[in-house]
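Novice: Here you go, one structure.
There are 2 protein chains.
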Amino acid sequence: MTLKQLEAFYWAATCASFATAAQRLNLSISSLSKRIAELEASLGVPLFDRSGHKATLSAAGHNILDKSLGILDLAADLRSSATGDKSLLAGHCALGVGELAAMSWLPRLVATARLRHPRLLMETSIDVGARLEERLDQGELDFIVVAGRSSRATILSQPIVEAQFLWMAAPSLANEGSSCSALLDRGIPLVALPAQAGTTRLIDDWLMAHHITRAERLTCNNWGAIVGMLTLAVGVGIVPAGWADRLEQKGQLRRLETESLLSPFAYSFQWRRGDTRPLVDEMCALVGEVADFSQPVIFA
Amino acid sequence: MTLKQLEAFYWAATCASFATAAQRLNLSISSLSKRIAELEASLGVPLFDRSGHKATLSAAGHNILDKSLGILDLAADLRSSATGDKSLLAGHCALGVGELAAMSWLPRLVATARLRHPRLLMETSIDVGARLEERLDQGELDFIVVAGRSSRATILSQPIVEAQFLWMAAPSLANEGSSCSALLDRGIPLVALPAQAGTTRLIDDWLMAHHITRAERLTCNNWGAIVGMLTLAVGVGIVPAGWADRLEQKGQLRRLETESLLSPFAYSFQWRRGDTRPLVDEMCALVGEVADFSQPVIFA
DNA sequence: CACTCTTACGGCACCCGTAAGAATC
DNA sequence: GATTCTTACGGGTGCCGTAAGAGTG
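First to last, the sequence lines map onto chains A and B. For the first sequence, our numbering assigns the number 1 to the initial residue and increments by one for each residue that follows. For the second sequence, our numbering assigns the number 1 to the initial residue and increments by one for each residue that follows.
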C-alpha cells in the first residue's frame, strides 16, 4: 500500500470516471487503473465493481474512502508543516466561475492566490453555472463560484457575496425616466445570457413578478458582447451596478426606471461534499476577500 | 513522500539507532538511511542532526514525528478495516518477559496470540527486568511484562497481575514449622536472582523489614536452576505460590514460617510512550487474560 | 578501534506511457 | 461504434543489499 495508490483510489472514487481522475493526477488512465489494481491486491479486496459499463465503488471501497482521504490530508499537513511554509498550498487547483466573475474579480483572485501560494498552479474554467456544477460534480473542478446554491446533495454551498443588477438600455432607445416594462411592452428585445445562466433566473423572476410574458429574447453567452449590443441599442438588459455607473458616466447606457429593483443576486462558493482539503478552506476565504462583481478590470 | 519513508523515519526517530530501526523493519541500514535521506529531500528539511556521533532528531523532525505516526496508524487502520479482518493484527511483534513468565504463562500468550492473529509473527526475549526496560527504551522491543512500574518518562506502565511468593527450603534443611529468619540467622544462604531482577527488590524489602542484614547470597539468573538448588538444600529462597504447592506435595520443598508474608508482587505491562499502535492495546489485553505466574507449564 | 551513519555500485523489480484488447451501452 | 476500463510490453527509474568510506568518541 502506497500513498500514490491511495491518492489514485481517492480520485477515482470521487470523480465521474477514471479518465477524469487520471487527468486530475496528471497520469495516464492505464497507470491509474494499475495503481488501483495494486491497491486492491494489497488489501485483498476489490474496491470497485467492474461488472457494469463504468466502475462503481464497492462496499469495501466505501468503507476506506474516508480513511484514505484522512491519510492524504494528514500527509499534506505533514508536508506543509515540515517545510515550515505555514499553510502554503502547493500543487494543482481547478476552479470554475461565470463570465461576469472572469471579467471582474477572477484576475484579482488568481493574482492574490499566486502571491500567497507561489507553488499553487491554478487552472480556471469560465462557463455558465449549470455546466460548472456538472463539471464540479464529475470531479473535474475543485470548486466553483456561481449564482445561488446548488441543489445537489454532493455539492456544498457557502454564500460569498451579493451582486446588484440594474436594467439598462442605450440612450437612443430610452429617454430619461423611461420605464423598463414600457420598453419591453413596446417590443424591444431583451438581451441576456442563455437559459443555463444564473442571471437568467433572476430576470425570469423579475418578469414573472411584473407579469411580463411576451418579451422577445436575444441570447448570447458572452457578457462583453451583451453590453456591446446594449450600447448599440439592440435591446434592453441587465448590468451589474458598478458597471452601470461607469457606462452611464460615459453616456453609453442609461438606467431604466422600474417599479421594483431586481433582487440582490447571491453568489456562492461551491465545493464537493467530503473534500476536506485545506485548499478548499483557503480558497473559499480568498474568494470571499476578492469577490466583487461591481468593478470590471477592463473597460472598453 | 511515501509510506515506506515515513515508516523508516518513525522507527529511526524512536529507536536508539538506525541499526535498531533497520532491524525492526527487516531492512539494511543503508536502505533505511537512504529512505530517510529521500524523505528529507522530499520535504526539503533535514530531519536528523548528523553533527554528532549518532544522528539525533532535529526540530523539524520532532514536529512531524506525531504526524507521521498518525499517518502510519491510519494506514494500518485502513488496511485492517479493508480486509474485514476485524482487529486482526499482522506483521511483527517483539516482546520481552522475565524468566518466571517464560516458564508459566508466556507459552499460553504466544499460543493464544497466534490463534487470534495468525499473521502476527512474535519474537520473544527472556531477560531480567532492568535489561528488558533498557531494550524497550532503545526500541528493540514493542512491549515487556516485568515487575513494578517503570521510572522512565519514555515508558508507560499498566499493572496486569499480582504474584504471591513464598519462602521455601528443602525438608532436609527445615523441619516443619521452621522459621525463615531463623534459617538465615543460622547462616544458611539465600538463593535468588541477580540484583537486576525485580524479585530481588522484593526480597530486599522483606529482609529490611525484618532487620536481616548479613544474609549470604547465591545468585543465579535461571529460575529452574534456583528451584533445583533449593530442592538440593543449597539454601532458602522464594518461589511463586502456585509452584510452592506442587513442590510441597511432591515433598521437594517445605513452606517456611514467617512473621509476615512477602508483599504481593505487581507485574505490569510496559510500552513506549507515543506508541499508539493497536498492537499494543490488543497485546496488553491479551496478557491480562493469560498472565498467571502460579501455574508452571512444565514441572520436572 | 568500535560504532554510527553515508556513499558507490550492480542487479532486480517496479512503474510509467503507448497501444491493443475486452466488455458494456 | 463510442466509451470505459484492463492487459501486454518496452524503457527508464527507483530501491535493495553488499561493500567501502567518513567521521566521532
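For every residue, glycine included, the Cβ atom is placed at its ideal position computed from N, Cα and C.
#1: Using only alpha-carbon positions, find the residue among B:119, B:141 and B:118 that is nearest to residue 125 (chain B).
#2: Mapping DSSP to helix, strand and coil, what is residue 123 (chain B)?
#3: Can you list the alpha helix (DSSP H) stretches of 4 or more residues lying completely in the stretch 190–255 of chain A, in chain order?
#4: Can you list the residues of chain A that residue 88 (chain B) reaches, using a CB-CB cut of under 9 angstroms?
#5: CB residue 155 (chain A) to CB residue 273 (chain A), shorter than 8 angstroms?
#6: For the alpha helix (DSSP H) containing residue 128 (chain B), list its first residue and its last residue.
#7: Cβ of residue 260 (chain A) within 8 angstroms of Cβ of residue 202 (chain A)?
#8: Quick check: the Cα distance between residue 300 (chain B) and residue 164 (chain B), rounded to an integer number of angstroms?
#9: Output needed for residue 57 (chain B): all residues of its chain with C-beta closer than 6 angstroms, excluding positions within five of it in sequence on either side, in chain order.
#10: Of all Cβ atoms in chain B, is any one closer than 8 angstroms to the Cβ of residue 79 (chain A)?
#11: Could you tell me which whole alpha helix (DSSP H) segments of length 4 or greater appear in the stretch 21–80 of chain B?
#12: With distance defined between alpha-carbon atoms, name the residue in A:160, A:100 and A:41 nearest to residue 224 (chain A).
#13: For the alpha helix (DSSP H) that contains residue 168 (chain A), what are its first and last residues?
#14: Which word fits residue 249 (chain B), buried or exposed, when buried means at least 16 other C-beta atoms lie within 10 angstroms of its C-beta?
#15: How should residue 285 (chain B) be labelled, buried or exposed, when 16 other C-beta atoms within 10 angstroms of its C-beta is the threshold for buried?
#16: Considering Cα atoms alone, identify which of B:169, B:266 and B:133 is closest to residue 152 (chain B).
#17: Count the other C-beta atoms from every protein chain shown that fall within 10 angstroms of the C-beta of residue 181 (chain B), then say buried if there are 16 or more, exposed otherwise.
#18: For the alpha helix (DSSP H) holding residue 6 (chain B), just list the boundary residues, first then last.
#19: Name the residues in the stretch 36–48 of chain B whose C-beta lies less than 7 angstroms from a C-beta of chain A; which are they?
#20: Look at residue 69 (chain B) and residue 178 (chain B) and say whether their C-beta atoms are less than 8 angstroms apart.
#21: Please tell me whether residue 63 (chain B) has its Cβ less than 8 angstroms away from any Cβ of chain A.
#22: Report the three-state DSSP secondary structure of residue 162 (chain B) (helix, strand or coil).
#23: Between the stretch 1–25 of chain A and chain B, which residues of the former have CB atoms less than 9 angstroms from a CB of the latter, in chain order?
#24: Using the Cβ count rule (16 or more neighbours within 10 Å means buried), how would you classify residue 40 (chain A)?
#25: If you draw a straight line from the C-alpha of residue 266 (chain A) to the C-alpha of residue 190 (chain A), how long is it?
#26: Let's see if you can read the secondary structure: which residues bound the beta strand (DSSP E) around residue 96 (chain B)?
#27: Out of curiosity, what's the CA-to-CA distance linking residue 1 (chain A) and residue 111 (chain A)?
#28: With a Cβ-Cβ cutoff of 8 angstroms, do residue 136 (chain A) and residue 270 (chain A) count as a contact?
#29: If you draw a straight line from the alpha carbon of residue 231 (chain B) to that of residue 51 (chain B), how long is it in whole angstroms?
#30: Would you tell me roughly how many angstroms separate the C-alpha atoms of residue 287 (chain B) and residue 89 (chain B), rounded to the nearest one?
#31: When the distance is taken between beta carbons, is residue 146 (chain A) closer than 8 angstroms to residue 31 (chain A)?
#32: Which chain B residues are close to residue 67 (chain A), counting only those with a beta carbon under 8 angstroms from its beta carbon?
#33: Among A:278, A:186 and A:211, which residue has its Cα nearest to the Cα of residue 236 (chain A)?
#34: Within a Cβ cutoff of 8 angstroms, which residues of the same chain sit near residue 123 (chain B), ignoring the five residues on either side of it in sequence?
Specialist: Result, derived from the coordinates:
#1: B:141
#2: strand
#3: 198–209, 223–231 and 241–249
#4: By Cβ distance, chain A contributes nothing, its closest Cβ being about 12 angstroms from residue 88 (chain B), past 9 angstroms.
#5: yes
#6: Looking at the DSSP string, residue 128 (chain B) is not in any alpha helix (DSSP H), and its letter there is neither H nor E.
#7: no
#8: Note on residue 300 (chain B): pLDDT 49, under 50, position unreliable in the model; the coordinate value appears next. Cα to Cα, the separation comes out at about 21 angstroms.
#9: 13
#10: Yes, contact with chain B.
#11: 29–43
#12: A:100
#13: Premise fails: residue 168 (chain A) lies in the beta strand (DSSP E), 165–169, not in any alpha helix (DSSP H).
#14: The Cβ neighbour count for residue 249 (chain B), taken over all protein chains shown within 10 Å, is under 16; the residue is labelled exposed.
#15: Residue 285 (chain B) is exposed by the Cβ-count criterion.
#16: B:133
#17: buried
#18: 3–14
#19: 43, 44 and 45
#20: no
#21: yes
#22: strand
#23: 1, 2, 3, 4 and 6
#24: buried
#25: 22 angstroms
#26: Note, residue 96 (chain B): beta strand (DSSP E), 90–97.
#27: 38 angstroms
#28: yes
#29: 57 angstroms
#30: In this model, residue 287 (chain B) and residue 89 (chain B) are separated by some 15 angstroms (Cα to Cα).
#31: no
#32: 74, 77, 78 and 81
#33: Nearest of A:278, A:186 and A:211 to residue 236 (chain A), Cα basis: A:186.
#34: 92, 93, 94 and 95
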